[in-house]
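To convert a position in the sequence shown, counted from 1, into the numbering used here, add 1.
The beta-carbon is built from N, C-alpha and C at its ideal position, and this holds for glycine as well.
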Amino acid sequence: MRPQAAAKPVRWAADTVSTMREGARLRLDYSTQSLWRVDRMIEELRRERTPYAAVESVLRGFGAYAGEVIVRQAGGAAEWLEADGGHWIRTVDGQLWDPVDEARRCFGGHGSLRLLCLDATAF
């Protein structure tokens, strides 16, 4: 059973998968490789100078998707937590990861969801 803290980000991730499949014809399969495509989409939004307010919920969805990739790739060694108004991933080594903030950093040109996932699952 998943913790209650996972309810919102799991839903955001599922909504993102559905939206990307229907709207952008992009299949997201919860693999680390799929995060490369997500990073590219965020980079494209940044290059197009899309206003942050227009993509804020999209970035939240991409971050939640990346968090779900981490949880699934970790095979039960990671879980969602809700703290300080945000959603975090805690890995088995006790480290906290903020994939939603990483999506925002990526939009700002300073992050990568793929690299976050690789780091978070390297324990």
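Sequence-distant residues of its chain with Cβ nearer than 7 Å to residue i (five each side left out)
| i | result |
| --- | --- |
| L36 | A67, V70, L114, R115 and C118 |
Pair within 8 Å by beta-carbon distance, residue i and residue j
| i | j | result |
| --- | --- | --- |
| A65 | V101 | yes |
| W98 | R61 | no |
| A84 | V93 | no |
| A25 | F63 | no |
Cα-Cα separation, residue i to residue j
| i | j | result |
| --- | --- | --- |
| L29 | D16 | 11 Å |
| E44 | G76 | 29 Å |
| T33 | Q74 | 8 Å |
| L82 | G112 | 21 Å |
| E23 | D120 | 30 Å |
| R50 | S58 | 16 Å |
| P52 | A8 | 28 Å |
| F124 | G95 | 10 Å |
| A54 | G110 | 16 Å |
| C107 | T122 | 19 Å |
| G48 | Y31 | Here residue 48 turns out to be Arg, not Gly, going by the sequence shown. So the two alpha carbons sit approximately 25 Å from each other. |
Spatial neighbours of residue i in its chain, beta-carbon cut-off 8 Å, leaving aside the 5 residues before and after
| i | result |
| --- | --- |
| L27 | M21, R38 and M42 |
| V11 | R3, A65, E69 and W81 |
Neighbourhood of residue i by C-beta distance below 6 Å, restricted to the same chain and skipping five residues each side
| i | result |
| --- | --- |
| L46 | V56 |
| V72 | A79 |
Any non-hydrogen atom of the ligand ATP closer than 7 Å to residue i Cβ
| i | result |
| --- | --- |
| A123 | As far as ligands go, the structure on display features none, and thus does not contain the ligand ATP. |
Taking one C-beta from the stretch 33-48 and one from the stretch 82-93 each time, how about it: are there three or more such pairs within less than 8 Å?
-> At 8 Å Cβ cutoff, the stretches do not touch.
What are the start and end residues of each continuous beta strand (DSSP E) run of 3 or more residues lying completely inside the stretch 58-110, in chain order?
-> Entirely contained in the stretch 58-110, the beta strand (DSSP E) runs reaching 3 residues are, in chain order, 79-84 and 87-92.
Residue ranges of each alpha helix (DSSP H) run of no fewer than 4 residues wholly in the stretch 13-58, ordered along the chain?
-> Restricted to the stretch 13-58, the alpha helix (DSSP H) segments that are unbroken, complete and at least 4 residues in length are 33-48, listed in chain order.
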